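Going left to right, the sequence shown walks through residues 25 to 402 as the working numbering numbers them.
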Amino acid sequence: MKSWKDDPRADTNPLFNDNAIKLGVFGLNGIGISMTDAPEGAKADWGESATVAKMADEGGFEAIVPYSRWRGYIEEEPAHRSGLALDSYTWAAATSQIAPRPSIFSTSHVPTIHPIAAAKQCATIDQMSGGRFGLNVVAGWNKPELDMFGASMLDHEDRYGQAAEWIEILRELWTRDEAFDYEGRYYTIKKGISLPKPIQKPMPPIMNAGGSDRGRAFAAKYSDMAFVIIRSDDPDEIRREADHYRDLARNEHGRDLQVWTLAYVVQRDTEQEARDYLNYYAVEHGDDRSLEGFMAMHNMHSQLLPKDVMETMKFRLKAGHGGFELVGTADKITSRLELLAKAGIDGALLNWVGYEDGVGRWVRDVMPRLRQAGLRRT
Numbered sequence: 025m026k027s028w029k030d031d032p033r034a035d036t037n038p039l040f041n042d043n044a045i046k047l048g049v050f051g052l053n054g055i056g057i058s059m060t061d062a063p064e065g066a067k068a069d070w071g072e073s074a075t076v077a078k079m080a081d082e083g084g085f086e087a088i089v090p091y092s093r094w095r096g097y098i099e100e101e102p103a104h105r106s107g108l109a110l111d112s113y114t115w116a117a118a119t120s121q122i123a124p125r126p127s128i129f130s131t132s133h134v135p136t137i138h139p140i141a142a143a144k145q146c147a148t149i150d151q152m153s154g155g156r157f158g159l160n161v162v163a164g165w166n167k168p169e170l171d172m173f174g175a176s177m178l179d180h181e182d183r184y185g186q187a188a189e190w191i192e193i194l195r196e197l198w199t200r201d202e203a204f205d206y207e208g209r210y211y212t213i214k215k216g217i218s219l220p221k222p223i224q225k226p227m228p229p230i231m232n233a234g235g236s237d238r239g240r241a242f243a244a245k246y247s248d249m250a251f252v253i254i255r256s257d258d259p260d261e262i263r264r265e266a267d268h269y270r271d272l273a274r275n276e277h278g279r280d281l282q283v284w285t286l287a288y289v290v291q292r293d294t295e296q297e298a299r300d301y302l303n304y305y306a307v308e309h310g311d312d313r314s315l316e317g318f319m320a321m322h323n324m325h326s327q328l329l330p331k332d333v334m335e336t337m338k339f340r341l342k343a344g345h346g347g348f349e350l351v352g353t354a355d356k357i358t359s360r361l362e363l364l365a366k367a368g369i370d371g372a373l374l375n376w377v378g379y380e381d382g383v384g385r386w387v388r389d390v391m392p393r394l395r396q397a398g399l400r401r402t
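What follows is the structure in structure tokens.
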């Protein structure tokens, strides 16, 4: 079994470099993942996005990953800002031209795009980027979005069944030179073919976040980067979660994968300043209506959990979609990333409320410390 560290895609795609902790910017095509009305938050503006993408490129980030959003969280308010997001495919194509080093992703919700169209778009962006494209595959969870498309909201098991067929068709389209037929439960392909092929062989890397048992099994079989949501600061618990994905991939499918996580960043000169800003955007300017809409979509009912547990969960969702906390000084953040690396986490997708300010602080203060700690190359 080959390790991802020996992956031939490393020739063009920095996702496969040897940094102990790899870094990505997440949600740059939209308003980010924090549920806040703070006025300095992202606006899903191309000019702002392009500025930060260039900063991330020059600062040495491995990846820039958008999310896909077709409709906001508040059903009775269709124009609510939670629905603001630039299309991830066209955004990725443009971003690949202004950020010439990092891996550029699209995020695709399976029921919203046919795999033949996705295969062609992905191959096009891989060509445009010189072999730096990656695809974040989401099985689909936002029912109001799917209703807009006239697509059915399948049950949990069937969603992953459809996603499996979707990726299998992509693989065939990316690797086969002859036309093929495909007869599945969700898709029927007659004499399918897609040209040109991607630059990366055998195909662009796949990213997936699946937290359920079915989601983990899917990620272990199909993805190159699996995501874990870290709920503990105990390195042993983090390692057990990461190893669960790796063991599934190795033992069930004879393959290796990277394990990444999601994190929200509040970096200031002192711990108190960082905590004050976190309270400012997540509590004083917390977007409780978005939170309520999001929880309703996921059937998160307050009566199912103790009040203190529920309040902690609500706070983490508003702060950064339940991601790992990177709050404090540059030294504190460096030590937190060192904890992740030692616990077996390969990379972190980062989010800030104000991307330009946040990425600027990170490149200036955190990147040098990560190099000094031996977590990243110069």
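Don't be surprised by glycine CBs; every beta carbon is placed ideally from N, CA and C.
These numbers were taken from a predicted model, which means no experiment stands behind them.
W165 counts as exposed, since fewer than 16 other C-beta atoms from the protein chains shown sit within 10 angstroms of its C-beta. Between K46 and E86, the C-beta gap is smaller than 8 Å, which places the two residues in contact.
Within the same chain, A354 come within 6 Å of D389 by CB-CB distance, once the 5 residues on both sides are set aside.
When the Cα atoms are used, I128 and N41 turn out to be separated by approximately 15 Å. Assignment of D205 by DSSP, reduced to helix, strand and coil, places it in the strand class.
Within the segment 292–317, the complete alpha helix (DSSP H) runs of at least 4 residues fall at 295–303. Annotation for G216: the continuous beta strand (DSSP E) segment containing it runs T212 to G216. In summary, P102 is exposed, with fewer than 16 beta-carbon neighbours lying within 10 Å of its beta-carbon over all protein chains present. Comparing C-alpha distances from V89 to each of W115, E99 and G83 shows the shortest one belongs to W115.
Secondary structure remark: continuous beta strand (DSSP E) runs of at least 3 residues inside the segment 87–114, in chain order: 87–89. Distance from L399 to E362 at the Cβ level is roughly 6 Å; contact confirmed, criterion being Cβ atoms closer than 8 Å.
A77 and S359 have their C-alpha atoms roughly 25 Å apart.
Counting only runs of 3+ residues, the beta strand (DSSP E) found wholly inside the segment 115–169 occupies 127–133 and 157–162, in chain order. Taking a contact to require three or more Cβ pairs closer than 8 Å, the segment 136–146 and the segment 119–128 do not qualify as touching.
Sequence-distant Cβ neighbours of D257 in its own chain, meaning closer than 8 Å and more than five residues away, are L363. Residue environment for D311: buried (at least 16 other C-beta atoms within 10 angstroms of its C-beta).
Taking a contact to require three or more Cβ pairs closer than 8 Å, the segment 176–196 and the segment 237–245 qualify as touching. As for any alpha helix (DSSP H) of minimum length 4 sitting wholly inside the segment 37–85, the runs are 70–83, ordered along the chain. Under DSSP, W198 shares a beta bridge with no residue.
DSSP places A250 in the uninterrupted beta strand (DSSP E) bounded by M249 to V252.
Within 10 angstroms of the beta-carbon of A142 lie 16 or more other beta-carbons, which makes it buried. Here G56 is near W376, since their CB atoms are less than 8 Å apart. Taking C-beta atoms under 8 Å as the contact rule, P228 and L159 qualify, at a distance of about 6 Å. Linking Q224 to I357 through their CA atoms gives a straight-line distance of about 34 Å.
Ranked by how close their Cα comes to the Cα of L170, the residues P135, D201 and Y379 have P135 in first place.
Per DSSP, the continuous beta strand (DSSP E) segment holding V351 begins and ends at F348 to G352. Three or more pairs of CB atoms, one per stretch, sit closer than 8 Å, so the segment 259–275 contacts the segment 364–372. Residue environment: D35 is assigned as exposed (fewer than 16 neighbouring CB atoms within 10 Å of its CB, all protein chains considered). Note on F50: 16 or more other CB atoms within 10 angstroms of its CB, so buried under the neighbour-count rule. For L373, the uninterrupted beta strand (DSSP E) run begins and ends at G371 to N375, by DSSP. Put simply, the backbone Cα of S112 is about 16 Å away from that of S106. Assignment of A175 by DSSP, reduced to helix, strand and coil, places it in the coil class. Here M231 carries a strand assignment [DSSP, helix/strand/coil]. Contact between L108 and A68 is confirmed by a C-beta separation of about 4 Å, below the 8 Å threshold. By DSSP's assignment, V387 forms no beta bridge with any residue.
Of the other Cβ atoms in all chains shown, fewer than 16 fall within 10 Å of the Cβ of Q296; this residue is therefore exposed.
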